[in-house]
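Chains as they are written, first to last, in this note's numbering: chain A, 1 to 342; chain B, 343 to 684.
Remarks on the structure that follows.
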DNA sequence: CTGAAAGCGCTTACAG
DNA sequence: CTGAAAGCGCTTACAG
């Protein structure tokens, strides 16, 4: 069976394919009658334009690409869905969002980003917790392909973040006000040039946390800091055991790296008979779907993901349509959600 | 800045663009020397073929589409990632998988499936827990576009499932052997022509469960059955409260609808002072990432997702390459994972 | 082994 | 308001 093409529709309607194309693309100067007739024939014949041909003709894709470590990761998928939820009710935009996973590999990330750019796979790119080389940013800039960073901030790209410094500060304040002093920190890699890639958000949250310490006259003990690479439950467990082995007595742990790590911490603590929150207060980050249902339920810093998603989407569409000059950097306020674990 | 095209590469290499194209597509009859030279120039100039043009030229897309209710849903994303994990190490296939979400709406599902078919958006389609009209299946068949159903089984399409009947039977056996007799069931919609769409897996699991009951000489009490539409935590809580309100005393609940519902059930039970597993045993389905970390940890039926993903992916690629005659129906063995909740 | 040519299905100035 | 034509960037028989 041959596919139905624009030519077939034109023939059936007794018009030129230009006219059909204009109907499809909502040109204004088509008389209502022919418009309706053509639409009817399109419907009857189950005609859908071949998108690849449209893209080639238009010289653009109208697609938004979403680059993240792994879309199955908790926060990643939540952000993607928040963006999609906006997208599907927005009349300016009729497409899905194409996800790319880097699998935590910088080279894969670079490859994806160049492939998207030079293969013209998208008209706007959203990158979540990705650290592209600054050369890539220049290449994007030169090509005029809008790039929006989430959980990062760099020159030559847009960015949308929750105020991570504020989030770290909130957690610190809260714990200190409740008399906790020996507070462990589980971070992504806040050091530039680390081989695991730099985590902008961890650095910011840590800075905010340290500011709270300072205000309370508490000195930060470096031994209380542990780093995580995969942000996994397993690593959370291991880190607790590492603290125990080193005989470092903590009265709280702030999981800058997110709720998933916090689940691991609570699991690890339970395994060794440490009571939460009595012996050890735990604060997570993100307020993931499961946080209220853990035992004990998890105190955490919420990033308002819907707002984040909406902001990112609007920025992407505006940038796609060249409605923005220069680069925007937007910050959204986080919120502390107090539950049982701290 | 103009994008680099195949023409530019051809000019720089001093050859015809056909030759460049042949290099890109790994034709065999290109001398090693020119091959290398062209590849070098491609790399130096950051050339990536414009995929839309390739597709138009090839008259095919090489893309696999993945249709599900919402990719953020637990099981959906796990399956998608299992497939992607296979895909990214497979040399036969160089693309990502494009997800489509139906948002639990049958019409959206039909629209997606027709758009993919007639818009030639993919060369193979994987549909997870979707109930397409049988007309759509005929249209796919006629067009020769391979369709693989997961969590469903229909004539005129391939399917890959875990043996759901066996899974339901396992759960029933286990509970009955431990002396539980008043076992509540939380299902998707096992009735054909329900407005929420028919859930093939729920029907199968329920059938397996009833078989176990029968073997033990226990009669199934219809009042013990509750249906869920969104498979959410919230619905799990509500259903527990519904049972309480109706004064239906259960000693176990089997969450055929999955672990997420089971989380809700445990939450609801806790809220009303019902002890798990002493007062109420709970069994979930899927063995999601969080199951071991809940409190109590969740006994559940595991679907071997890696195996499922691999099987589905291989089937998709083989079907895409016309290596399969007729329609295949594959079943994979499930496994009961015993933890604290039952 | 390599090139010239036709074709894929659209869009979009342009002319009328 | 409508059509004819050129063009988008590839691929792929085909001829040599």
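Positions of the beta carbon are idealized from the N, C-alpha and C atoms, including for glycine.
- Of all alpha-carbon atoms in 429(B), 625(B), 456(B), the one lying nearest the alpha-carbon of residue 4(A) is that of 456(B).
- For residue 228(A), no alpha helix (DSSP H) encloses it, and the DSSP letter there is neither H nor E.
- Excluding residues up to 5 positions away in sequence, 602, 603, 605, 606, 609 lie with their Cβ nearer than 8 Å to the Cβ of residue 575(B) in the same chain.
- Within the stretch 603-623 of chain B, the residues whose Cβ lies closer than 9 Å to some Cβ of chain A are 605, 606, 608, 609, 612, listed in chain order.
- Taking C-beta separations shorter than 8 Å and ignoring five residues to either side along the sequence, the partners of residue 296(A) in its chain run 266, 276, 277, 339, 340, 341, following chain order.
- Under the DSSP assignment, residue 677(B) falls in the beta strand (DSSP E) whose first and last residues are 677-679.
- Rounded to whole angstroms, the gap between the alpha carbons of residue 287(A) and residue 43(A) is 45 Å.
- Straight across, the Cα-Cα distance linking residue 657(B) with residue 504(B) is about 15 Å.
- Three or more Cβ pairs closer than 8 Å define a contact, and the stretch 95-105 of chain A meets that threshold against the stretch 68-80 of chain A.
- In the structure shown, residue 47(A) falls within a coil segment according to DSSP collapsed to helix, strand and coil.
- Here residue 666(B) is exposed. Its C-beta has fewer than 16 other C-beta atoms within 10 Å.
- Between the stretch 448-464 of chain B and the stretch 394-409 of chain B, the count of C-beta pairs closer than 8 Å reaches three or more; the two stretches touch.
- Of the candidates 652(B), 469(B), 584(B), 652(B) places its Cα closest to the Cα of residue 431(B).
- Residues of the stretch 280-310 of chain A with a C-beta atom less than 9 Å from some C-beta of chain B are 289, 290, 292, 293, 294, 295, 296, listed in chain order.
- Residue 443(B) is bridged by DSSP to 410(B).
- Secondary structure note for residue 18(A): its alpha helix (DSSP H) is the uninterrupted segment 17-24.
- At a beta-carbon threshold of 7 Å, the residues of chain B lying near residue 119(A) are 390, 391, 392, 393, ordered along the chain.
- In terms of beta-carbon proximity, residue 322(A) stays away from the interface with chain B, with every pair separated by 9 Å or more.
- The beta-carbon distance between residue 138(A) and residue 164(A), rounded to whole angstroms, is 26 Å. This is too long to meet the 8 Å contact definition.
- Spanning the alpha carbons of residue 220(A) and residue 81(A) requires a straight line of approximately 38 Å.
- Taking 9 Å as the cut-off, the beta carbon of residue 167(A) is found closer than this to the beta carbon of residue 208(A).
- Contact annotation: in the stretch 124-140 of chain A, no residue has its CB less than 7 Å from a CB in chain B.
- Boundaries for residue 73(A): no alpha helix (DSSP H) harbours it, and the DSSP string shows neither H nor E there.
- Using a CB distance cut-off of 9 Å, residue 84(A) counts as an interface residue toward chain B.
- When secondary structure is reduced to three states using DSSP, residue 501(B) falls in the strand class.
- Selection 599(B), 583(B), 496(B) evaluated against residue 644(B) yields 599(B) as nearest (Cα-Cα).
- Distances from the CA of residue 525(B) to each of 463(B), 350(B), 355(B), 596(B) were compared; the closest alpha carbon is that of 596(B).
- Across the set 393(B), 370(B), 394(B), 366(B), the C-alpha of 366(B) shows the shortest separation from the C-alpha of residue 383(B).
- Nearest to residue 248(A) by C-alpha distance, out of 226(A), 231(A), 330(A), is 226(A).
- Using beta-carbon distances, residue 78(A) counts as an interface residue toward chain B, with a partner under 9 Å.
- Residue 279(A): not part of any alpha helix (DSSP H); DSSP gives it neither H nor E.
- Between residue 231(A) and residue 13(A), the CB-CB gap reaches or exceeds 9 Å.
- Relative to residue 86(A), the option among 312(A), 237(A), 26(A), 298(A) whose CA is nearest is 312(A).
- For residue 138(A), no beta strand (DSSP E) segment is defined; the enclosing uninterrupted segment is the alpha helix (DSSP H) at 134-143.
- Residue 107(A) sits away from residue 131(A), with the two beta carbons spaced by 9 Å or more.
- Across the set 545(B), 470(B), 447(B), 501(B), the C-alpha of 545(B) shows the shortest separation from the C-alpha of residue 511(B).
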